[in-house]
Amino acid sequence: MTFVYYMLVIAILLLVNIKRIEKIFLQYKGAKKPVEVNHAHNIAMDLGRALIDKEGVEQYNAVKPKLEQAKRYYLNANNQNVDRIIRTEESQLEPVKLKVVS
Amino acid sequence: MFYNLLSHPELGTYISLFITASFVVAFVFAYKNWRNSPSVFITSAVLFVNFVLANNALYDFIESAAPDYENYYLNWVGYNALSIIAVIVTHIFVRTKHHKLTITAMYMLLINVIMYLAMHIDIILRGNRESWLLWELYTPIVNMTEIGLAFMIIFYSGYCLYRNKQGTQKEFG
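Chains as they are written, first to last, in this note's numbering: chain A, 669 to 770; chain B, 427 to 599.
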């Protein structure tokens, strides 16, 4: 049963050096960090994707609503503070869907 | 604070079962709240496995599995040390930061480990059979620590769930 004592020593060493372990393993390049982006980031990403992936009329159709979103984001964010939100959550500054006008 | 469990052996079983049940509840609560704090969920999962496997009260129902009296306390030392290692290693693999509650829980486990080790040295290695201060402190400290661990996780997860529910009601309700 001597391995129990070794295990205990290892546990205490790990517990005492927990911050150093975090620094070594969690703060290198490529470590998974919680994704916190705001709505502006999403709009910029969608715009960039549309400009690269699509061309012509398709590109215009993809870009136009995003530009509309950017305008509404500006109108909202100009008046109130912008909170950082998690990607999965819905933003308070999420623009309302446009009504179809024939 | 002193209560003699030797005169009421059933009481020990009931306390042990209560602790196991509270760890089941803690695990369920932490599972519901794992998006907010995965660290607490990992801790509760490891502790749940620890306190269900290393629980002598459950062995009372299985007649064939008699406890090993030679390494009675040393087994618990092993289980608790292993759970501390398991929590830290799982955090490294999943790449999450240790929550404050996790670190507190592990230090509380370490208190338990020290108490088990002291009892092992006193009773098994030194062969002492007379009650003294350590024996009187052992039972309340160990049980209160375990109950405290479970309820800490339950209250934290419950509070987070309640707060999030309030937040969503405020925004969308």
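Note that the Cβ used here is the ideal one computed from N, Cα and C, for glycine as well.
Look at the alpha carbon of A544(B) and the alpha carbon of A708(A), and state the distance between them as a whole number of angstroms. Position 118 of the second sequence, counting from 1, holds the residue named residue 544(B). Position 40 of the first sequence, counting from 1, holds the residue named residue 708(A). In this structure, the CA atom of A544(B) is about 59 Å from the CA atom of A708(A).
Between V684(A) and V503(B), which are expected to be in contact by the criterion C-beta below 8 Å, what is the C-beta distance as a whole number of angstroms? Sequence index remark: in the first sequence, residue 684(A) carries index 16 (1-based). Sequence index remark: in the second sequence, residue 503(B) carries index 77 (1-based). In this structure V684(A) does not touch V503(B) by the C-beta definition: roughly 18 Å separates them, more than the 8 Å allowed.
Using Cβ-Cβ distances below 8 Å, what residues of the segment 524-545 of chain B are close to chain A? Under the 8 Å Cβ criterion, the segment 524-545 of chain B contributes H524, I529, M532, Y533, L536, V539, L543.
The segment 508-523 of chain B in contact with the segment 557-575 of chain B per 3-pair CB rule at 8 Å: Result no; under three Cβ-Cβ pairs closer than 8 Å.
Helix, strand or coil for G504(B) per DSSP? Position 78 of the second sequence, counting from 1, holds the residue named residue 504(B). Taken through DSSP and simplified to helix, strand or coil, G504(B) comes out as helix.
Chain-order list of residues whose beta-carbon lies under 7 Å from that of Y440(B) (same chain, five-residue window excluded): Within the second sequence, residue 440(B) is the residue found at index 14, counting from 1. Non-local C-beta neighbours of Y440(B) in its own chain, meaning closer than 7 Å and more than five positions away in sequence, are absent.
Is it the case that the Cβ atoms of H434(B) and L500(B) are separated by a distance below 8 Å? The sequence position of residue 434(B) within the second sequence is 8, counting from 1. The sequence position of residue 500(B) within the second sequence is 74, counting from 1. No, the Cβ-Cβ distance between H434(B) and L500(B) is not below 8 Å.
Checking contacts by CB at 8 Å: is N497(B) closer than that to chain A? Working through the second sequence from its first residue, we reach residue 497(B) at position 71. Interface flag for N497(B) against chain A is set, since a Cβ pair is found closer than 8 Å.
What are the complete beta strand (DSSP E) segments, minimum 3 residues, inside the segment 503-550 of chain B? Qualifying beta strand (DSSP E) stretches: none in this window.
Of all Cβ atoms in chain A, is any one closer than 8 Å to the Cβ of L479(B)? One-based indexing of the second sequence puts residue 479(B) at position 53. So no, L479(B) is outside the interface.
Is the beta carbon of M578(B) sitting closer than 8 Å to the one on A531(B)? For this step, residue 578(B) is matched to residue 152 along the second sequence. For this step, residue 531(B) is matched to residue 105 along the second sequence. M578(B) places its beta carbon less than 8 Å from that of A531(B).
Rounding to the nearest angstrom, what Cα-Cα distance links I711(A) and P733(A) in this structure? Counting from one through the first sequence, the residue named residue 711(A) turns up at place 43. Counting from one through the first sequence, the residue named residue 733(A) turns up at place 65. Their Cα atoms are separated by approximately 10 Å.
Report the CB separation of A794(A) from A730(A) in whole angstroms; it is logged as a contact under 8 Å. Here chain A has residues from 669 to 770 only, and residue 794(A) is not among them.
Whose Cβ in chain B lies nearer than 9 Å to the Cβ of A679(A)? As a first step, residue 679(A) is located in the first sequence; it is residue number 11 there, counting from the start. Going along chain B in sequence order, the residues near A679(A) (Cβ under 9 Å) are N506, A507, L508, S509, I510, I511, I514, M532, L535, L536, V539.
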